[in-house]
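Written below as structure tokens is the structure these notes are about.
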Amino acid sequence: MSDDTSEDMVVPQLPYIIKFCKAHGVSKENEFGKGKSNDELKEMLLVANYLNIKEMLDYLTKTLANRIKNKSVEYIRKFFGIQTNFMPEEEEAARKDNYRLDID
């Protein structure tokens, strides 16, 4: 990621970052992410990482983890924009080998 991209990310999300920092430690913190889309939360996660705000990183990763909990592999791939390199046969074999981990 270039520095230009990082700087562009910080500005639109800055009001949310400030709001989080003010609310941190208050019971309203749990409501902070409720009105945000997945894309907004993922963007704020990148900004919090860039600004090194540990408490916000922890909160956002937990919030995003809860949103993908018990979701299918396909959903999680789409959520994070991950494309698979597996051929269908390879993916099927991997699922069979790791059947206990399959959450579909």
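If you're matching positions, the sequence shown starts at 1 in UniProt numbering and goes up one per residue.
Cβ coordinates follow ideal geometry from the N, Cα and C atoms, glycine included.
| Check | Outcome |
| --- | --- |
| Residue range of the alpha helix (DSSP H) that Met87 falls in? | Taken as a continuous stretch (DSSP letters only), Met87 belongs to no alpha helix (DSSP H), as it is neither H nor E. |
| Please state the DSSP three-state secondary structure of Pro15. | helix |
| Can you tell me the Cα-Cα spacing of Tyr16 and Leu64, whole angstroms? | 16 angstroms |
| Could you check whether Glu43 and Gln13 sit closer than 8 angstroms to each other, using their CB atoms as the reference points? | yes |
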